[in-house]
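Below you'll find the structure, written out as structure tokens, and then a few comments.
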Amino acid sequence: MTDLLAARSQMALSLAFHIIFAIIGMVMPFFMARAHWLYLKTKDEDYLKLTKFWMRGVAIFFATGAVSGTALAFELGLLWPEFMKHAGPIIGMPFSWEGTAFFLEAIFLGLYLYGFNRLSPYVHWSFSIAVGVCGMASGIFVMAANSWMNSPAGFDWNGGNPINIDPVRAMFNDAWFSQGQHMILASIAAVSFLISGLHFLFYHRNKREINLKALKVIRPFLIVSALMMPLSGDYSAKDVAVRQPAKLAAMEAHFKTEKNAALIIGGIPNVETQTVDYAIKIPYLLSFLAHGDFHQEVIGLEEFPRDEWPPVLITHIAFQIMVALGSLMALIAILHLFTKRFNLMERRWFRLINIAALPAGLIALEAGWVVTEVGRQPWIIYGLLKTKDALTPMPGIQYSFALFTLVYLSLTVTVIWLMKRQFKSEGMIS
Amino acid sequence: MILGFVIFVLIVSLVFYTIFAGADFGAGILEFFNPKDEKRAHEISHVVDKAIGPVWEANHIWLILAVVIFFMGFPHAFSPFSIYYHVPLTFVLLGIIGRGTAFTFRHYDAFKDESQKLYSFIFRTSSVWTSFWLGTIFGSLLSGPLPERGDFLAYYVLPWANLASMSMGVFVIFLFCFLASLFLISETSDNELARYFRRRSLVMFAISVVVGFIVLVIHSRVPGSVIFEFFKDPRSIALFLISTLLMLPMTYFYRRRRYMELKAIGVTQVLLVTAGGLVHQFPIIMRFESGRQLDLFNAAAPEATLIQLAIALLVGVICIFPALIFLFKVFKSEHFKT
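Those protein sequence lines, which keep their order, are chains D and F.
According to my numbering, numbering within the first sequence proceeds without interruption in unit steps and concludes at 834.
According to my numbering, numbering within the second sequence proceeds without interruption in unit steps and concludes at 355.
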């Protein structure tokens, strides 16, 4: 394994691991806030039990998210010092804001987790909202930094020695809003499906009412986010079509520049023959989706030098997975609208669909990240700095990759084991 | 002026990290020296748990803050630093991961059974490990210059794999233990436990002084070491003298069990020691064989960046400090009682 591949793999693994824990920290405080609020209003002990049940999981996930976030901060320097040399002064700003948001989040979380008997009830409750808001802010700032890599702004490259640096312009680059909104909604949808999937599983097994209450808390988050995702994705894709046409072309496995471009669903792109095998092609639809006009020209991969093509196979398949799952989640969300009307909770098929959909949001999320990161290759700063030129000169990165793979694997196993024990202790599973 | 402010916040965050995370690490290291009696050991772990629980994540964010200020404000130093110190930084990172997760899992695991032993083991070991490597990196920056020619060993191993650097690592371990035992005295209402921590603080202080002295001797034999120059600098001598003189009131407060004053002096001692090591080095970050130096001025980012960084830090300070003080007030009000 080359040093470059090892470094990319290590970074990818660290990001893929961290993001699961980060989104729990971003979204679950709002679930807890709602459950906690319902307890304060109705005095129904079940809601308090639910809040504390979720708290335990959140604490574990938060700590793991914090240390994996630290890992990423270190890895920026350890793996990509050449990138940091150029990018540090330009894109450091969102990172410093993210640091502030995260610091506040950690403080508020400490107050919330440990403050039950030390603070007045509504003051204590307000910290759950504070944690959530800071978490969301944190996520948005990180997204601004990543957006900059896709849509660099706020400097003159000057052949590799950036001048005229404008950190504000850099942070509020052309992509920050479209990436930010898509990620926020995706986190809410993914966590909603995950946690409600769990409670569907519990209810399926033990029929305890507390699970119905859990689902009641989560349902509005699930429905709104999942239904907004297709719109959000459309907005994002239209944006990418303009700013990063190579990425869109790879995503859609679109080799030839053409008007009336067909949408390719599924299929396995063949880079040698520049065709897509086993695909369903719907004429005119890609032009329409990418540019709002059935006849508009969509730029194909052929416009770019061969060595600047992103890996088409990975990007396309990841994109198809993401869209397929996102669509599925939207359909399930529509069903949820009728939960009360048709008493769907008592229908076995409804519960099983939701249990099966438990990981759907997470998989879609990871797939989406593969699309945007792999789709940006070979660039680390789109159009300016190649990933291979950002790498650390230190050799032996394969060992580092192997080591951290072991670490993340152990943590994954441990966290799953801990969650199982927690569910058992609460009588949710036997 | 802007640069001055940024440097100031960088130093403050490193200082806060040293004190707060130091005490945090130290508590974990102290558990290594637990008495054999299982019940006692368990009580101590419980005190540590309660003491660190609400604040450990906040304590460790100072490091992230320092890292961000470093790569945003001083990118020309951040890059070579990350390259030369890749290996010990990786070790620090592994320690941080192990420690944070083990501590949290120990507290939040639904069943308190045999797995507690594993968590405690990882928590304690990684507390020692991380402190050691942080100290080693610090010791390396203060000792001999970095190579600009050579092979893998010369670049990536020898700068830190030497006695001068690693002795500093050992020193930091005991320094953190000292800090932790001071703070833990007031974290328990059990008088016997309080006395236990009090005795520990004395022992750790004594060991720190001895090890610190050994570190000075080792460094004085390393040509090019900053500490080699230590005694030629009147500022370093002054700091060292003050620190020694403070041992008198320290002993007084220790005997009179005036713990608030004891803590204040203890923290001051730690700061003086750190300042003593750094005052001669400031503003240099890294020194190279050829005589080239990277310091806080020539490695700084352009002004536009520094201005934005300063603004972000200012807002951060305004938002964070009241919140942090509130957090400590809610959970640590015992520290402010005499």
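The beta carbon of each residue, even a glycine, is placed where N, CA and C say it ideally should be.
Starting from the C-beta of residue i, find all residues in its chain whose C-beta is less than 6 Å away, skip the five residues before and the five after it, and write them out in chain order.
i              : result
F512 (chain D) : F531, A534 and V535
A318 (chain F) : G90 and P92
K685 (chain D) : A666 and I668
I224 (chain F) : F191
L795 (chain D) : L408 and A411
Given a threshold of 16 other Cβ atoms within 10 Å of its Cβ, counted over all protein chains shown, does residue i qualify as buried or as exposed?
i              : result
V527 (chain D) : exposed
A760 (chain D) : exposed
H77 (chain F)  : buried
T355 (chain F) : The pLDDT assigned to T355 (chain F) is 43, lower than 50, so where the model puts this residue is not dependable, and the model offers no usable value.
D41 (chain F)  : buried
K280 (chain F) : buried
P673 (chain D) : buried
L265 (chain F) : exposed
V72 (chain F)  : buried
R412 (chain D) : buried
F248 (chain F) : exposed
I588 (chain D) : buried
D643 (chain D) : buried
T818 (chain D) : buried
Y607 (chain D) : buried
I479 (chain D) : For the record, residue 479 (chain D) in the displayed sequence is Glu; it is not Ile. So E479 (chain D) counts as buried.
T677 (chain D) : exposed
P485 (chain D) : buried
G115 (chain F) : buried
Can you find the residues in the same chain that come closer than 8 Å, C-beta to C-beta, to residue i, ignoring five residues on each side of it along the sequence?
i              : result
Y136 (chain F) : A119, F120, F122, R123 and D126
I154 (chain F) : Y102, P105, L106, V109, W177 and S182
G787 (chain D) : P556
Taking the Cβ atom as the reference point for each residue, do residue i and residue j lie within a distance shorter than 9 Å?
i              : j              : result
L515 (chain D) : V284 (chain F) : no
I100 (chain F) : Y213 (chain F) : no
T809 (chain D) : I113 (chain F) : no
S582 (chain D) : S551 (chain D) : yes
G765 (chain D) : Q724 (chain D) : no
S302 (chain F) : D312 (chain F) : One point to set straight first is that residue 302 (chain F) is Ile, not Ser, in the sequence displayed. Against a cut-off of 9 Å, the Cβ pair of D312 (chain F) and I302 (chain F) comes out as a contact.
G584 (chain D) : D570 (chain D) : no
V228 (chain F) : V287 (chain F) : no
E74 (chain F)  : A510 (chain D) : yes
A410 (chain D) : F805 (chain D) : yes
F507 (chain D) : G333 (chain F) : yes
Y518 (chain D) : G70 (chain F)  : yes
Y451 (chain D) : A439 (chain D) : yes
F597 (chain D) : I736 (chain D) : yes
A292 (chain F) : L256 (chain F) : yes
L163 (chain F) : R304 (chain F) : yes
May I ask you to list the residues that DSSP assigns as paired with residue i?
i              : result
M303 (chain F) : F:L311
L163 (chain F) : F:F305
K790 (chain D) : D:W783
P835 (chain D) : What the structure shows of chain D is the stretch from 405 to 834, and residue 835 (chain D) is not part of that stretch, so it cannot be assessed.
D560 (chain D) : D:I567
K685 (chain D) : D:I668
V702 (chain D) : D:E662
Which same chain residues end up closer than 7 Å to residue i when comparing Cβ atoms and leaving out the 5 residues on each side of it in sequence?
i              : result
S242 (chain F) : L159, S160, G161, A181 and H236
P799 (chain D) : D407
F401 (chain D) : Here chain D comprises residues numbered 405 to 834, so residue 401 (chain D) is not present and cannot be evaluated.
H740 (chain D) : R623, L626 and I627
G539 (chain D) : G429, M430, P433 and E509
I703 (chain D) : P649, A653 and T661
Spell out a yes or no on whether the stretch 703-720 of chain D and the stretch 767-779 of chain D are touching, meaning 3 or more CB-CB pairs, one atom from each, closer than 8 Å.
yes
Cβ pair count under 8 Å reaching 3, the stretch 588-595 of chain D against the stretch 630-642 of chain D
yes
Would the stretch 88-106 of chain F count as touching the stretch 489-499 of chain D if we require 3 or more Cβ pairs under 8 Å?
yes
Below 8 Å, how does it come out for the stretch 561-577 of chain D and the stretch 455-463 of chain D: are there three or more Cβ pairs, yes or no?
no
For the 8 Å Cβ check, are there 3 or more pairs between the stretch 643-659 of chain D and the stretch 778-790 of chain D?
yes
Touching or not, the stretch 43-50 of chain F and the stretch 141-152 of chain F, by the rule of three or more beta carbon pairs under 8 Å?
yes
For the pair the stretch 18-36 of chain F and the stretch 46-63 of chain F, tell me if three or more CB-CB distances fall below 8 Å.
no
Would you be able to state if there are at least three C-beta pairs under 8 Å between the stretch 681-692 of chain D and the stretch 609-627 of chain D?
no
For the 8 Å Cβ check, are there 3 or more pairs between the stretch 191-206 of chain F and the stretch 214-226 of chain F?
yes
Can you pull out the residues from the stretch 511-533 of chain D whose beta carbon lies closer than 8 Å to at least one beta carbon of chain A?
Absent from the structure is chain A; the protein chains it does hold are D and F.
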